[in-house]
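Start counting the sequence shown at 427; every next residue gets the next number (the numbering used here). By construction, the Cβ of each residue, glycine as well, lies at the ideal position given by its N, Cα and C atoms. Worksheet: one structure, shown below.
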Amino acid sequence: MQEPDITTQSSTVEEWTQALAESTGSPGGGAGTGVMLAVAASLASMVAGYTDAGDGQQGTVDSIQARARSLRQEALRLADEDSAASKAFGAAFRLEPGLERDEAVRDASVQAAKASAVLGDHAIAAFDDLAWLATHGNKALIADVVVAFGALRAAVAGARTNVSFDLASLRSTGASLEQIRDQQPDLWAAVEKLTDAMDRIDRLTAAIDHRAAPTDAT
């Protein structure tokens, strides 16, 4: 898979967002999903670092911070992988109609969906640590936890949408949605799993919003 010219791991924020703003599709929304996940992980690490653990919970805090730091790096790496998959996806659709194009579209669509599903799995795995910080973390940083959940939701929503869209793109090769579901059951199930994760995030953030935004009359 061809590496993207601009990467999250070697570019400044200015350079990367400028590349995102161009009409190239690489980086695109999938890579943006990875960056949002990295933001969520970074905030989780920060809040954990400010949390004074009690009742023998320092080990839990340390583990949360270690996972968050690792996830930040992994999310950026996955964002770059998604950029490469996006480039292959676009190239496949630019081929002349025919069997070669159908095969290229089929492979690129599945690979792009897999890249987004992996990002989604990492985002889902981060939920419990953020939920722990919402309850036990430094209370002065609850607003940062809510912002982290917002970034996490954006990552989950992005992964869900991209997996679904990439799967649906297989219809251009003549496959029906029923055939796609039967041929790619794991990716199909990932869409529902990510939808459920969005609902979990919404419920939790609604429950703690009064602590993060106490002046909100609603």
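Can you give me the C-alpha to C-alpha distance between residue i and residue j, rounded to a whole angstrom?
i	j	result
aspartate 608	proline 640	48 Å
alanine 549	threonine 631	16 Å
glycine 480	serine 598	57 Å
glycine 584	glycine 456	7 Å
arginine 626	leucine 525	42 Å
valine 582	leucine 620	6 Å
arginine 495	alanine 474	11 Å
threonine 443	threonine 434	9 Å
glutamine 483	glutamine 491	13 Å
arginine 629	arginine 579	11 Å
threonine 561	leucine 497	21 Å
histidine 472	arginine 586	In the sequence as displayed, the identity of residue 472 is methionine instead of histidine. So the two alpha carbons sit approximately 27 Å from each other.
leucine 545	alanine 510	14 Å
methionine 624	glycine 458	17 Å
glutamine 499	lysine 513	22 Å
Exposed or buried, what is residue i when buried is set at 16 or more other beta-carbons lying within 10 Å of its beta-carbon?
i	result
phenylalanine 575	buried
phenylalanine 515	buried
alanine 501	buried
valine 383	There is simply no residue 383 to check, as the chain begins at 427 and stops at 644 in what is shown.
serine 602	exposed
lysine 565	exposed
alanine 445	buried
leucine 595	Rather than leucine, the amino acid found at residue 595 in this sequence is serine. Answer is buried; the Cβ neighbour count reaches 16.
glycine 563	buried
Assuming residue i is part of the alpha helix (DSSP H), what are its boundary residues?
i	result
glutamate 448	Run containing glutamate 448: none; DSSP gives neither H nor E here.
leucine 559	553-562
aspartate 612	611-638
leucine 497	484-519
aspartate 478	Careful: aspartate 478 lies outside any alpha helix (DSSP H) and carries neither H nor E.
serine 590	568-594
At a Cβ threshold of 9 Å, is residue i touching chain B?
i	result
alanine 510	No chain B appears in this structure, which consists of one protein chain only.
May I ask you to verify whether the segment 534-542 touches the segment 564-571, counting CB pairs closer than 8 Å and requiring at least 3? no
Three Cβ pairs or more, each shorter than 8 Å: is that satisfied between the segment 553-564 and the segment 511-526? no
Between the segment 585-600 and the segment 609-616, do three or more beta carbon pairs fall short of 8 Å? yes
Could you say if the segment 442-453 and the segment 504-515 meet the contact criterion of at least three C-beta pairs nearer than 8 Å? Using a Cβ-Cβ distance cut-off of 8 Å, the segment 442-453 and the segment 504-515 are in contact, since at least three pairs of beta carbons, one from each stretch, lie closer than that value.
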